[in-house]
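Count the sequence shown with the numbering used here and you get residues 4 to 129, in order.
Read the structure below first, then the notes.
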Amino acid sequence: LELLRHGEVPRHIAFIMDGNRRYARKCSVTPGEGHHEGFQKLEQILEWCLDLGVHTVSVYAFSIENFKRPAEEVNALMALARDKLHMLCEKSQLIREYDVAIRVIGQLDLLPADVREAADRAMQLT
Numbered sequence: 004l005e006l007l008r009h010g011e012v013p014r015h016i017a018f019i020m021d022g023n024r025r026y027a028r029k030c031s032v033t034p035g036e037g038h039h040e041g042f043q044k045l046e047q048i049l050e051w052c053l054d055l056g057v058h059t060v061s062v063y064a065f066s067i068e069n070f071k072r073p074a075e076e077v078n079a080l081m082a083l084a085r086d087k088l089h090m091l092c093e094k095s096q097l098i099r100e101y102d103v104a105i106r107v108i109g110q111l112d113l114l115p116a117d118v119r120e121a122a123d124r125a126m127q128l129t
């Protein structure tokens, strides 16, 4: 991070959440555990972006194609998304302090009701 501080920091960075299942296979853990590890790494990356002064971060986290995966994996991903959105809502003071705006876009009607509700709440808070 120190090295990055000496150069020009981009205003907008985008990330594609990819490779969590490959990571899970490599580490002999379930795909759900691989996705959980991926989200933990994303949290760390978001902290780095905040620390560096990156203004906008976009995350591509779930494709319609992902619904074709085994139900157990999709359910684990949905639960993870719901839980992380709830966690963000609990950090509302930090969100206000740094003027964070959360936007969940796409075909939200395809998501389970609890995930849609968590996304709506996170977007309303920001």
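The C-beta atom is built at its ideal place from N, Cα and C for all residues, glycine as well.
None of these values were measured; they are calculated from a predicted model.
CA-CA distance, HIS9 to CYS52, rounds to 14 Å. A distance below 6 Å between beta-carbons, with the five flanking residues on each side excluded, links ARG24 to the following residues of its chain, in chain order: PRO34 and GLY37. Within the segment 5-41, the beta strand (DSSP E) runs of at least 3 residues that lie entirely inside it are, in chain order, 15-19. DSSP, reduced to helix, strand and coil, places SER66 outside both helices and strands of the structure shown, so it counts as coil. The closest CA to that of ARG14, considering only ALA84, ALA64, LEU55 and GLU120, is found on LEU55.
PHE70 counts as exposed, since fewer than 16 other beta carbons sit within 10 angstroms of its beta carbon.
Inter-residue distance for ILE105 and ASN78 is about 22 Å (C-alpha atoms, whole angstroms).
Across the structure, GLU50 and VAL107 are spaced so that their CA atoms are roughly 19 Å apart.
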